[in-house]
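Asks: Pasting a structure below so you can have a look.
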Amino acid sequence: AQKVTQAQTEISVVEKEDVTLDCVYETRDTTYYLFWYKQPPSGELVFLIRRNSFDEQNEISGRYSWNFQKSTSSFNFTITASQVVDSAVYFCALSEAPRDDKIIFGKGTRLHILP
Amino acid sequence: GAVVSQHPSWVICKSGTSVKIECRSLDFQATTMFWYRQFPKQSLMLMATSNEGSKATYEQGVEKDKFLINHASLTLSTLTVTSAHPEDSSFYICSAQYLAAGYTFGSGTRLTVV
Chain Z
29 AQKVTQAQTE ISVVEKEDVT LDCVYETRDT TYYLFWYKQP PSGELVFLIR RNSFDEQNEI
89 SGRYSWNFQK STSSFNFTIT ASQVVDSAVY FCALSEAPRD DKIIFGKGTR LHILP
Chain U
25 GAVVSQHPSW VICKSGTSVK IECRSLDFQA TTMFWYRQFP KQSLMLMATS NEGSKATYEQ
85 GVEKDKFLIN HASLTLSTLT VTSAHPEDSS FYICSAQYLA AGYTFGSGTR LTVV
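These protein sequence lines map, in sequence, to chains Z and U. In terms of our numbering, the first sequence opens at residue 29 and continues consecutively. In terms of our numbering, the second sequence opens at residue 25 and continues consecutively.
In structure tokens:
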């Protein structure tokens, strides 16, 4: 069965530090999709990235970057030069689409950026 | 594009009453929608998958008679919490699939049962 593990429950860093959020997944499928979402205190989920299992290229978007390694079943997320506005809960998620369209979330990492 | 509107944003109801939450896709047809529940400081737990015109598929441990899901049209899915009790108080979020492995989420409904 599919599973997403975010071992870091809570992280606090000082503003401008870099921080990496870990995500390890389990799936029996060769085709699957990985996601990262941000959930600010308002509760709304903010989509950050989607990556399919055939694309292991790392991605950078501004201060955000993602490292996908199939060999270790990991999809880690790094925020460079963190800012207070980055404080939120971050969820890693997995979908075994197209076989199974549902998306399963990890437990989330609560990130505190201290001024 | 691919916007989902969820209403209400918050609701307070008395114990024993029923509450309906709507999830509407505004600019696309959603054949598949998902309902999640999130307790404070916890993750989003999938409750059920609803497909237009057919019965919803519930995850293990979710009472289908308590959480009624209706997906009667390609743009609307509803979740009704029947005979709500304080332990049903939670944050409920819907999601709609707009393409293969493409999902958009509603803004959530905070339910408080008193």
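Every residue, glycine too, gets a C-beta built ideally from N, C-alpha and C. In this text, all values refer to a predicted model and were calculated from it rather than measured experimentally.
Name the DSSP bridge partner or partners of Z/Y118?
Replies: In DSSP, Z/Y118 forms a bridge with Z/K66, Z/T137.
Asks: Where does U/F63 land, buried or exposed, given buried means 16+ other C-beta within 10 angstroms?
Replies: Burial call: exposed.
Asks: For chain Z, find out if any of its Cβ atoms is closer than 8 angstroms to the Cβ of U/T73; answer yes or no.
Replies: Yes, U/T73 lies at the interface with chain Z (some Cβ there is under 8 angstroms from its Cβ).
Asks: By Cβ distance, which residues of its chain are closer than 6 angstroms to U/S49, with the 5 residues on each side in sequence left out?
Replies: Cβ neighbours of U/S49 beyond the five flanking positions: V28, T99, A120.
Asks: Please work out which residues of its chain come closer than 8 angstroms, Cβ to Cβ, to U/S113, disregarding the five sequence neighbours upstream and downstream, and give them in chain order.
Replies: For U/S113, where only same-chain residues beyond five positions count, the Cβ hits under 8 angstroms are L135, T136, V137.
Asks: Would you check if the region 122 to 131 of chain U and the region 29 to 40 of chain U touch, i.e. whether three or more CB-CB distances between them fall below 8 angstroms?
Replies: Contact between the region 29 to 40 of chain U and the region 122 to 131 of chain U is present, because at least three Cβ pairs lie under 8 angstroms.
Asks: Is Z/A121 closer than 8 angstroms to U/A124 when the C-beta atoms are compared?
Replies: The answer is no: Cβ separation not under 8 angstroms.
Asks: Give the single residue among Z/F96, Z/Y61, Z/P69, Z/S99 whose Cα lies nearest to the Cα of Z/R127.
Replies: Minimum Cα distance to Z/R127 is reached at Z/Y61.
Asks: If we count the other Cβ atoms within 10 Å of its Cβ and call it buried at 16 or more, is U/I36 buried or exposed?
Replies: Counting Cβ neighbours within 10 Å, U/I36 comes out exposed, since fewer than 16 surround it.
Asks: Would you kindly work out how many angstroms separate the C-alpha atoms of Z/V47 and Z/V74, rounded to a whole number?
Replies: Taking the straight line joining both Cα atoms gives about 19 angstroms.
Asks: Check whether chain Z comes within 8 angstroms of U/S131, counting only Cβ atoms and requiring the distance to be less than that.
Replies: Yes - at least one Cβ of chain Z is within 8 angstroms of the one on U/S131.
Asks: Going by DSSP, name the residue or residues bridged to U/G126.
Replies: U/L123.
Asks: Using the three-state DSSP reduction, which class does U/S39 fall into: helix, strand or coil?
Replies: Residue state, collapsed to three classes: coil.
Asks: Rounded to whole angstroms, what is the Cα-Cα separation between Z/F82 and Z/L139?
Replies: Cα to Cα, Z/F82 sits roughly 29 angstroms from Z/L139.
Asks: If I follow the unbroken beta strand (DSSP E) through Z/K31, where does it start and stop?
Replies: First-last of the beta strand (DSSP E) with Z/K31: 31 to 33.
Asks: Looking at the unbroken beta strand (DSSP E) that takes in U/R61, where does it start and where does it end?
Replies: Segment 56 to 62, the beta strand (DSSP E) holding U/R61.
Asks: Which residues in chain Z have a C-beta closer than 8 angstroms to the C-beta of U/Q121? List them in chain order.
Replies: Those within 8 angstroms of U/Q121 in chain Z are D129.
Asks: Starting from the C-beta of Z/P68, find all residues in its chain whose C-beta is less than 6 angstroms away, skip the five residues before and the five after it, and write them out in chain order.
Replies: Only A116 meet the Cβ criterion.
Asks: Taking the alpha carbon of Z/T100 as the point to measure from, which residue in Z/K44, Z/G71, Z/E38, Z/V52 has its own alpha carbon closest?
Replies: Among Z/K44, Z/G71, Z/E38, Z/V52, the Cα nearest to that of Z/T100 is on Z/V52.
Asks: Which of the three DSSP states is assigned to U/K79 in this structure?
Replies: Coil.
Asks: Straight-line CA distance for U/E111 to Z/I131?
Replies: So the two alpha carbons sit approximately 25 angstroms from each other.
Asks: Within the same chain, show all residues whose beta-carbon is closer than 6 angstroms to that of Z/K185, passing over the 5 residues directly before and after it, in chain order.
Replies: Nothing in the structure corresponds to residue 185 of chain Z, since chain Z is present only between 29 and 143.
Asks: Between the Cα of U/V105 and the Cα atoms of U/I45, U/W34, U/G25, which residue gives the shortest distance?
Replies: The candidate whose alpha carbon is nearest that of U/V105 is U/I45.
Asks: What would DSSP say about U/E111, mapped onto helix, strand or coil?
Replies: U/E111: helix per DSSP, three-state reduction.
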